[in-house]
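This report refers to the structure that appears directly beneath it.
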């Protein structure tokens, strides 16, 4: 075999990096990424809004002179922790954006994590809203 034939054979057997990649790699799901971006924006707005709204509720409740329910006290005392939600979600969004191609198993894991985060986020919002209304229900029951 001549030198030219060897080069032709070697160039035809060379594969592009995409062909060397594992076969179960798929493009990352843009729907999940966009959902996380939307959820991040909502979490950011909610957590910043809570930092301004909760102290206002606290002054109103203290003016009534009634003891706060335990759930309301927890939310008032630990409202700064609500700022962790957008930070946590931004870490996931950044990690997800870095991954251009993921395995199908990883894509399923991202979906499971997204729905778990979504349910947790909805639960936190519901808990905070309920905690802010509990003193009103307590005062209404006393009267």
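Numbering (this note's numbering), first residue to last: 3 to 145. Glycine included, each C-beta is placed from N, C-alpha and C at the ideal position.
query	result
Spatial neighbours of residue 17 in its chain, beta-carbon cut-off 6 Å, leaving aside the 5 residues before and after	Only weak support is given to the placement of residue 17: the predicted model assigns it a pLDDT of 49, under 50, and the value that follows is read from those uncertain coordinates. So no residue of the chain qualifies.
Through-space distance from residue 72 to residue 79, alpha-carbon basis	10 Å
contact_flag[the region 32 to 45, the region 93 to 102] where n(CB pairs < 8 Å) is 3 or more	yes
Local conformation of residue 71 per DSSP, three classes	coil
Simplified DSSP state of residue 90, which is helix, strand or coil	helix
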